[in-house]
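Below: the structure, in structure tokens.
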């Protein structure tokens with residue numbers, strides 16, 4: 016069972032990216048019932064929660080509200096992070112996590128660099 020994050024890259028300020036996090040080896044009901052979360056860790060910074068999604072709704076860090084959108088496609092066992100109006104301070108390694116009361120699973124990160 017693993018989470019595979021993808022979609023990172025180099026983008027200019029004001030640009031957009033869409034990150035994907037796909038679960039493999041996980042049964043559908045486990046994915047559907049999991050809280051899916053994106054975290055990021057910038058250079059010299061602590062890891063921070065970016066956005067989360069569950070059956071109850073979504074949550075965002077104040078720094079990304081209005082610019083980032085988290086969504087999920089349960090049939091594909093994939094969670095997405097659409098990032099618009101990117102800023103240099105969004106530069107970080109972005110990682111995804113699946114969690115329920117009985118388990119927690121982290122994926123590897125994908126690098127996002129915002130620079131002109």
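Residue numbers (this note's numbering): 16 to 131. Where a beta carbon is used, it is the ideal one built from N, C-alpha and C, also for glycine. What you are looking at is a predicted structure, and each value in this text was computed from that prediction instead of being measured.
Assuming residue i contacts residue j under a Cβ cut-off of 8 Å, what Cβ separation, rounded to an integer in Å, is found between them?
i           : j           : result
residue 115 : residue 49  : 5 Å
residue 55  : residue 68  : No, residue 55 and residue 68 are not in contact; Cβ-Cβ is about 16 Å, not under 8 Å.
residue 52  : residue 112 : 5 Å
residue 37  : residue 73  : Between residue 73 and residue 37 the Cβ distance is about 19 Å, and since that is not below 8 Å, they are no contact.
Whose C-beta lies closer than 6 Å to the C-beta of residue i among residues of the same chain, with five residues either side of it excluded?
i          : result
residue 16 : 40 and 41
Give the single residue among the options whose Cα lies nearest to the Cα of residue i.
i          : options         : result
residue 81 : 69, 87 and 65   : 65
residue 18 : 100, 102 and 95 : 95
residue 79 : 102, 122 and 57 : 102
residue 22 : 72, 47 and 98   : 98
Can you name, in chain order, every residue of its own chain whose Cβ lies under 8 Å from the Cβ of residue i, other than the five neighbours on each side?
i          : result
residue 31 : 97, 98, 99, 100 and 101
For residue i, which residues from the same chain have a beta carbon less than 7 Å from its beta carbon, with the 5 sequence-adjacent residues on both sides left out?
i          : result
residue 63 : 54, 55 and 76
Closer than 7 Å to a non-hydrogen atom of the ligand MG - does that hold for the CB of residue i?
i          : result
residue 37 : Because no ligand of any kind appears in the structure shown, any question about the ligand MG cannot be addressed here.
Problem set entry | Contiguous beta strand (DSSP E) assignments of at least 3 residues, all confined to the stretch 20-90 | 24-26, 32-39, 50-56, 63-69, 72-75 and 83-88
For this session: Within the stretch 94-118, note down every full alpha helix (DSSP H) run reaching 4 residues or more, in order along the chain.
Result: none
Exercise. Within the chosen definition, does the stretch 100-110 reach the stretch 124-131 through at least 3 CB pairs nearer than 8 Å?
Worked result: yes
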